[in-house]
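Undergrad: As numbered in this note's numbering, residues 1 to 290 make up the sequence shown, in order.
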Amino acid sequence: MRIDLQSIIRSAALLPLTLGAALAQDFDSVEMKVHPVSGNVSYIEGMGGNIGLFTGEDGVFLIDDQYAPLTDKITAAVRTVSDGPVRFLVNTHMHPDHTGGNENFGKMGTMIFGHDNVRSQMAVADYKEEPPLVTFSDDMSFHINGETVHVFKTPSAHTNGDVYVHFTGSNVIHTGDVYRTTSYPYVDVANGGSFLGTIKAYDLLIEVSDAETKIVPGHGVTSNVADVRAFRDMMLVIRDRVASAIRDGMSLEQAQGAGLTAEYDERWESGRRIGSAAALIEAAYADMAD
Ligand SMILES: [Zn+2]
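(1) Going by C-alpha to C-alpha distance, which of 53, 47 and 28 sits closest to residue 172?
(2) My assumption, with CB atoms under 8 Å, is that residue 48 sits in contact with residue 97. Please give the rounded CB distance.
(3) For residue 140, I'd like the list of residues in its chain whose CB is within less than 6 Å of its CB, leaving aside the five on either flank, ordered along the chain.
(4) Which same chain residues end up closer than 6 Å to residue 176 when comparing Cβ atoms and leaving out the 5 residues on each side of it in sequence?
(5) Should residue 65 be counted as a contact of ligand 1 given a C-beta to heavy atom distance under 6 Å?
(6) What first and last residue would you give for the beta strand (DSSP E) that runs through residue 139?
(7) Counting only the same chain and skipping the five closest in sequence on each side, list residues whose C-beta sits under 8 Å from that of residue 188.
(8) What are the boundary residues of the alpha helix (DSSP H) that residue 93 is part of?
(9) Let me check you understand the geometry: is the CB of residue 95 closer than 6 Å to at least one non-hydrogen atom of ligand 1?
(10) Are the stretch 68–86 and the stretch 187–201 touching, with three or more C-beta to C-beta distances below 8 Å?
(11) Take every Cβ of the stretch 218–228, pair it with every Cβ of the stretch 252–265, and state whether three or more of those distances are shorter than 8 Å.
(12) Is residue 100 closer than 7 Å to residue 123 when the C-beta atoms are compared?
(13) So, under 8 Å CB-CB, residue 149 and residue 142 are touching, yes? Tell me the CB distance rounded to an integer number of Å.
(14) Check the C-beta distance from residue 113 over to residue 136 and give it rounded, since I have them as a contact under 8 Å.
(15) Indicate, with yes or no, if ligand 1 has a heavy atom lying under 6 Å from the CB of residue 162.
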């Protein structure tokens, strides 16, 4: 089961007991699966964002940590690969399906990093999850396990605090939710995301990748730069169509009903708000309608 429960979880206190119990049961039934990517880099699939896992003699480095009730399962999955300490963890962005385990890992002694905006926007959005304790403005580098891991800010895309994590020796990039292979991109406008910024972030990803680079999305499966290029090109088509709809005087609702994404919907429509064509067009409209 791979669903973005972020908005549901955030308001879990307001849920009727039955639904809260159903969610707890969902966590119980989640199975962690470790997918090797390249060298000592893998990712763990469970419920929520893909967790990057990098191991070696200096210890374990993680990217994101899904939901708090899953920490024991995540730790068990890490232990199938390494018995070293989980020393460092980077949050790719603020969302609860990527930061929910922060408090648990922090208590175990893991140092948690994220962009400045992850911490500040989690406060603005009144999230209950613990924000990263160490933040940075543009980029930072970890020199561990025999290679340099470069973490750097993307243009505001999914949120205003997105980073890419580049394993420069293993030639792997974890993109957080800027890129996903499960649906249309989700632009969280309320948390500083941007449709046009998402296109710029894909341009940046293409620029720093080569033909061999393994690209691990926030949700979905390992991809390559050709996949990202095709996704970026789709976004350019959608951008131009929404711009033309705006020039033609269409309202947002008219643009959403005009079939602007028709040939892509079968592959990418999520069928719910996050990852839907309607939400994507809304974000594009918001960026270009001024
Ligand atoms: Zn997200």
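Glycine is no exception: its CB is placed at the ideal position from the N, C-alpha and C atoms.
TA: On the basis of the coordinates in this document:
(1) 53
(2) 3 Å
(3) 151
(4) Counting only residues of its own chain and dropping the five nearest sequence neighbours on each side, residue 176 has a CB closer than 6 Å to the CB of 92, 93, 162 and 218.
(5) no
(6) 139–144
(7) Contacts found: 95, 158 and 159.
(8) Segment: none, residue 93 is in no alpha helix (DSSP H) and carries neither H nor E.
(9) yes
(10) no
(11) Judged by Cβ distances under 8 Å, the stretch 218–228 makes no contact with the stretch 252–265, as fewer than three pairs qualify.
(12) Contact flag unset, no.
(13) 4 Å
(14) 7 Å
(15) Answer for residue 162: no, Cβ out of range of ligand 1.
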